[in-house]
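Below is one structure, written out as structure tokens; comments come after it.
Right, dumping it as structure tokens:
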């Protein structure tokens, strides 16, 4: 990442939605599901409810989601195809609509369900940190950052704005880049902090490669923002770099 310099049933469902790809193999619009599909769906739903989701494989969770979008065919092959393509459930949900649509069997209805799942997960994680003292709920903050950013295919740069009591008052994505950089302008960071009346900031960006090791450009950009903030009495608590399975704190690494 570069600084401004460049950073980056048996019955049919209530709302049967058909995708173009599924139309090739879909059952007729009227009538019942084949018994083997209906029985499989019923068993999987019962097992999920009885276990609270414990012991249900990733591809089965994905099947449960796909049931809503594809009402008339076996969705297990598509669930496995999506996982084979993207690697895991989180990366399936966070994949761009354009990339999802490249997978055979995926249409608008499937994209809708997957993006809905992604947004719900993000909002649940965000609710645990917004309007709360960030420094005393640090683990929840890290969980939120990972939920929102860890599986993104492009670099995203976010700013968490805090008040004088270090309560998170705003969380905004400032820029989106490519796979290895996103443009960041220190003056714009400070300008937005002043507009919101923020007293402190936490910077967050992701490395789509999965490796959160800070680059020289990451460090230089952070120091420029520290300098810009200090002139106006704004504290920069940290800059977090989010990887696939871990994060790096520039403060903890004594890089700021």
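Numbering (my numbering), first residue to last: 2 to 257.
Ideal Cβ placement from N, Cα and C applies to all residues, glycine included.
- Nearest to residue 72 by alpha-carbon distance, out of 83, 50 and 42, is 42.
- The C-beta separation of residue 251 from residue 215 comes to about 6 Å, placing the pair in contact by the 8 Å criterion.
- Taking a contact as a CB-CB distance under 8 Å, the pair residue 157 and residue 183 counts as one, their CB atoms being some 7 Å apart.
- Of the candidates 50, 177 and 229, the residue whose Cα lies closest to the Cα of residue 153 is 177.
- In this structure residue 213 is buried. Its beta-carbon is surrounded by 16 or more other beta-carbon atoms within 10 angstroms.
- Beta-bridge partners of residue 159 (DSSP): 174 and 205.
- For residue 119, the enclosing alpha helix (DSSP H) begins and ends at 109-128.
- By the neighbour-count criterion, in which a residue is buried when 16 or more other Cβ atoms sit within 10 angstroms of its Cβ, residue 99 is exposed.
- In the DSSP assignment, residue 242 falls within the unbroken beta strand (DSSP E) covering 236-243.
- For residue 249, the pairing in a beta bridge is given by DSSP as 242.
- Between residue 86 and residue 104, the gap from beta carbon to beta carbon is short of 8 Å.
- A contact is defined here as three or more CB-CB pairs under 8 Å, and the region 78-85 meets this definition with respect to the region 51-67.
- DSSP places residue 145 in the uninterrupted alpha helix (DSSP H) bounded by 139-150.
- For residue 212, no alpha helix (DSSP H) run applies, since DSSP gives it neither H nor E.
- Taking a cut-off of 8 Å for Cβ pairs, the region 162-176 and the region 124-139 touch, as three or more such pairs fall below it.
- Taking each of 144, 241, 123 and 235 in turn and checking the Cα distance to residue 199, the smallest one comes out for 235.
- In the three-state reduction of the DSSP assignment, residue 169 falls in the strand class.
- Boundaries of the alpha helix (DSSP H) around residue 219: 217-232.
- When only Cα atoms are considered, residue 189 and residue 201 end up about 15 Å apart.
- 148 is the residue among 148, 226 and 66 whose C-alpha sits nearest the C-alpha of residue 248.
- One Cα belongs to residue 238, the other to residue 219, and the distance between them is close to 15 Å.
- When the five nearest sequence neighbours on each side are left out, the beta carbons in the same chain lying within less than 7 Å of the beta carbon of residue 165 are those of 200, in order along the chain.
- In terms of Cβ geometry, residue 114 and residue 70 form a close pair [threshold 8 Å].
- DSSP, read as helix, strand or coil, puts residue 98 in helix.
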